[in-house]
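**Student:** Numbering (UniProt numbering), first residue to last: 1 to 293.
Here's a structure for you.
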């Protein structure tokens with residue numbers, strides 16, 4: 001039995017979008033986008049980029065306090081002391097009110113940077129998967145034998161690794177090393193309630209925009225409402241069970257995406273289960289791309 005995962009990287013791939021996000025899940029129910037995956041119309045099939053937050057300069061230090069007034073040891077002469085005035089002196093013009101603005105170091109922050117770390121290329125003639133990752137131009141993922149369901153590849157530090165199906169009927173995957181130690185899994189996981197609420201809010205916004213778009217959209221919305229099912233709380237994710245450094249984590253994600261993409265192209269039934277149906281929002285088990293916000 002596996003231990004609790006060290007990392008959970010949620011997988012969200014809508015049919016209608018050419019890019020999708022792999023996000024790191026946190027214990028408080030929030031998520032941080034880590035990888036952006038682009039689906040390409042030609043070879044390679046996928047291009048994977050790591051998302052890194054842009055550099056944010058530190059706020060400037062507070063100004064030093066003003067120096068205390070000079071003391072010369074004698075009180076001021078009464079002649080020079082300010083005498084009370086019968087009427088208050090005329091004050092300056094009332095200060096103008098300006099809207100509060102962000103400090104300069106918080107304005108115009110650059111967007112996160114995206115660095116391409118790898119690609120996935122599927123063979124149209126065989127089950128072979130070709131990866132490019134970091135500075136290695138070609139990594140072959142092959143079946144160990146004709147009847148095997150997994151794909152093996154060689155990691156520079158960890159030797160032979162293999163993504164294999166952990167359940168032929170459920171079509172779940174696990175990554176094992178040469179000692180059969182499970183390093184990661186691609187499986188279903190429970191979506192946090194906080195993210196489900198965000199998803200439902202976006203569903204409501206899309207439903208409202210469709211309603212006001214016209215009579216035809218309204219009819220389609222009513223038709224979909226009749227077909228709605230009970231909301232599922234399961235999504236798909238890479239669950240990593242080892243303390244993977246960023247380099248190994250990139251290998252796990254890129255190779256795992258290759259296996260998942262191969263299965264999608266060879267099994268249409270599983271494709272429907274994994275990707276869901278964009279026309280029916282309630283059948284989408286994944287985390288919404290609004291997590292980028």
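The beta-carbon is built from N, C-alpha and C at its ideal position, and this holds for glycine as well.
Would you tell me roughly how many angstroms separate the C-alpha atoms of residue 137 and residue 121, rounded to the nearest one?
**Tutor:** As a first step, residue 137 is located in the chain shown; it is residue number 137 there, counting from the start. As a first step, residue 121 is located in the chain shown; it is residue number 121 there, counting from the start. Straight-line Cα distance between these residues: approximately 12 Å.
**Student:** Quick check on this structure: which residue in 147, 132 and 146 has the alpha carbon closest to the alpha carbon of residue 140?
**Tutor:** Position 140 of the chain shown, counting from 1, holds the residue named residue 140. Comparing Cα-Cα distances from residue 140 to each of 147, 132 and 146, the minimum goes to 132.
**Student:** State the Cα-Cα distance for the pair residue 11 and residue 258, rounded to the nearest angstrom.
**Tutor:** Here residue 11 corresponds to residue number 11 of the chain shown, with the count starting at 1. Here residue 258 corresponds to residue number 258 of the chain shown, with the count starting at 1. If I take the Cα positions, the gap works out to 13 Å.
**Student:** Under the three-state reduction of DSSP, which class applies to residue 255: helix, strand or coil?
**Tutor:** Here residue 255 corresponds to residue number 255 of the chain shown, with the count starting at 1. Reduced to three states, the DSSP call for residue 255 is helix.
**Student:** Taking contact to mean 3 or more Cβ pairs, one atom from each stretch, closer than 8 Å, check whether the segment 246-266 and the segment 174-193 are in contact.
**Tutor:** Per the Cβ contact rule, the segment 246-266 is in contact with the segment 174-193 (3 or more Cβ pairs under 8 Å).
**Student:** Pull the bridge partners of residue 167 from the DSSP assignment, please.
**Tutor:** Position 167 of the chain shown, counting from 1, holds the residue named residue 167. According to DSSP, residue 167 bridges with 172.
**Student:** At which residues does the beta strand (DSSP E) containing residue 267 begin and terminate?
**Tutor:** Reading the chain shown from its first residue, position 267 is the one you call residue 267. Run containing residue 267: none; DSSP gives neither H nor E here.
**Student:** Residue 244 and residue 9: beta carbons closer than 8 Å?
**Tutor:** Within the chain shown, residue 244 is the residue found at index 244, counting from 1. Within the chain shown, residue 9 is the residue found at index 9, counting from 1. Going by C-beta atoms, residue 244 is not nearer than 8 Å to residue 9.
**Student:** Do residue 34 and residue 13 have their C-beta atoms closer together than 8 Å?
**Tutor:** Within the chain shown, the letter at position 34 stands for residue 34. Within the chain shown, the letter at position 13 stands for residue 13. One thing to note: residue 34 has its Cβ no nearer than 8 Å to the Cβ of residue 13.
**Student:** So, are the CB atoms of residue 118 and residue 48 less than 8 Å apart?
**Tutor:** For the purposes of this step, residue 118 is taken as the residue at position 118 of the chain shown. For the purposes of this step, residue 48 is taken as the residue at position 48 of the chain shown. Contact check for residue 118 against residue 48 passes: the beta carbons are separated by less than 8 Å.
**Student:** Can the beta-carbon of residue 54 be found less than 8 Å from the beta-carbon of residue 111?
**Tutor:** As a working mapping, residue 54 is identified with position 54 in the chain shown. As a working mapping, residue 111 is identified with position 111 in the chain shown. The answer is yes: Cβ separation under 8 Å.
**Student:** According to DSSP, simplified to helix, strand and coil, what is residue 17?
**Tutor:** In the chain shown, the residue the question calls residue 17 occupies position 17. Note: residue 17 maps to coil in three-state DSSP.
**Student:** Can you list, in chain order, the residues of its chain with a C-beta nearer than 6 Å to that of residue 162? Leave out the 5 residues immediately preceding and following it.
**Tutor:** On the chain shown, residue 162 is found 162 positions in, with the first residue counted as 1. Hits under 6 Å: 150, 152 and 176.
**Student:** How about residue 305 and residue 260: do their beta carbons lie closer than 8 Å?
**Tutor:** Outside the shown range of the chain, which is 1 to 293, sits residue 305, and nothing can be said about it.
**Student:** So, is residue 250 buried or exposed, given that buried needs 16 or more other C-beta atoms within 10 angstroms?
**Tutor:** Position 250 of the chain shown, counted from the start, is the residue given in the question as residue 250. Residue 250 is buried by the Cβ-count criterion.
**Student:** Suppose the cutoff is 7 Å on Cβ atoms and the five residues either side in sequence are ignored; what does the same chain contact list for residue 192 look like?
**Tutor:** Taking the chain shown and counting its residues from 1, one reaches residue 192 at position 192. Within the same chain, residue 192 has close Cβ partners 29.
**Student:** Rounded C-beta distance between residue 241 and residue 5? I'm assuming under 8 Å.
**Tutor:** Within the chain shown, the letter at position 241 stands for residue 241. Within the chain shown, the letter at position 5 stands for residue 5. That pair is a contact at about 6 Å.
**Student:** Since residue 141 sits in a beta bridge, which residues does DSSP pair it with?
**Tutor:** Position 141 of the chain shown holds residue 141. According to DSSP, which records beta bridges pairwise, residue 141 is partnered with 129.
**Student:** So, residue 263 versus residue 188, is the Cβ gap smaller than 8 Å?
**Tutor:** Translated into positions along the chain shown, residue 263 becomes position 263. Translated into positions along the chain shown, residue 188 becomes position 188. For residue 263 and residue 188, no; Cβs fall outside 8 Å.
**Student:** In whole angstroms, what separates the C-alpha of residue 181 from that of residue 166?
**Tutor:** What you label residue 181 is simply residue 181 of the chain shown in a count that begins at 1. What you label residue 166 is simply residue 166 of the chain shown in a count that begins at 1. When rounded, the distance between both Cα atoms is 13 Å.
**Student:** What number of angstroms, rounded off, separates the C-alpha of residue 22 from the C-alpha of residue 32?
**Tutor:** Here residue 22 refers to the residue found at position 22 of the chain shown. Here residue 32 refers to the residue found at position 32 of the chain shown. Going from the Cα of residue 22 to the Cα of residue 32 covers about 9 Å.
**Student:** If contacts are defined as beta-carbon pairs under 8 Å, then residue 24 and residue 7 qualify, I think. What distance do you get, rounded to the angstrom?
**Tutor:** Residue numbering aside, residue 24 sits at position 24 when the chain shown is read from its first letter. Residue numbering aside, residue 7 sits at position 7 when the chain shown is read from its first letter. Their Cβ separation, rounded to whole angstroms, is 6 Å, which keeps residue 24 and residue 7 in contact under 8 Å.
**Student:** Take residue 160 and list the residues in its own chain whose beta-carbon comes closer than 8 Å to its own, dropping the five residues that flank it on each side.
**Tutor:** Locating residue 160 in the chain shown gives position 160, where the first residue counts as 1. Excluding sequence neighbours, residue 160 sits near 152, 153, 154, 177 and 178.
**Student:** CA-CA distance, residue 36 and residue 184?
**Tutor:** Counting from 1 along the chain shown, the entry for residue 36 is found at position 36. Counting from 1 along the chain shown, the entry for residue 184 is found at position 184. One alpha carbon belongs to residue 36, the other to residue 184, and they sit about 20 Å apart.
**Student:** Looking at the structure shown, is residue 248 part of a helix, part of a strand, or coil, going by DSSP?
**Tutor:** In the chain shown, the residue the question calls residue 248 occupies position 248. Looking at residue 248 - three-state DSSP - the assignment turns out to be helix.
**Student:** Using only the alpha-carbon positions, how far apart do residue 46 and residue 252 sit?
**Tutor:** As a position in the chain shown, residue 46 is number 46, starting the count at 1. As a position in the chain shown, residue 252 is number 252, starting the count at 1. Each residue's alpha carbon lies about 15 Å from the other.
**Student:** Report the three-state DSSP secondary structure of residue 260 (helix, strand or coil).
**Tutor:** Here residue 260 refers to the residue found at position 260 of the chain shown. Residue state, collapsed to three classes: helix.
**Student:** Can you give me the Cβ contacts of residue 52 inside the same chain, cut-off strictly under 7 Å, excluding the 5 residues immediately before and after it?
**Tutor:** Indexing the chain shown from 1 puts residue 52 at position 52. Correct list, in chain order: 112, 113 and 115.
**Student:** With a 10 Å radius around its C-beta and 16 neighbouring C-beta atoms as the bar for buried, classify residue 274 as buried or exposed.
**Tutor:** The residue you call residue 274 lines up with position 274 of the chain shown. Buried is the call here.
**Student:** Please look up how many angstroms separate the CB atoms of residue 164 and residue 142, rounded, as I've assumed it's under 8 Å.
**Tutor:** Taking the chain shown and counting its residues from 1, the one referred to as residue 164 is at position 164. Taking the chain shown and counting its residues from 1, the one referred to as residue 142 is at position 142. That belief does not hold up - the Cβ atoms of residue 164 and residue 142 are roughly 13 Å apart, past 8 Å.
**Student:** If I follow the unbroken beta strand (DSSP E) through residue 33, where does it start and stop?
**Tutor:** On the chain shown, position 33 is the one that residue 33 refers to. Run containing residue 33: 31-39, per the beta strand (DSSP E) assignment.
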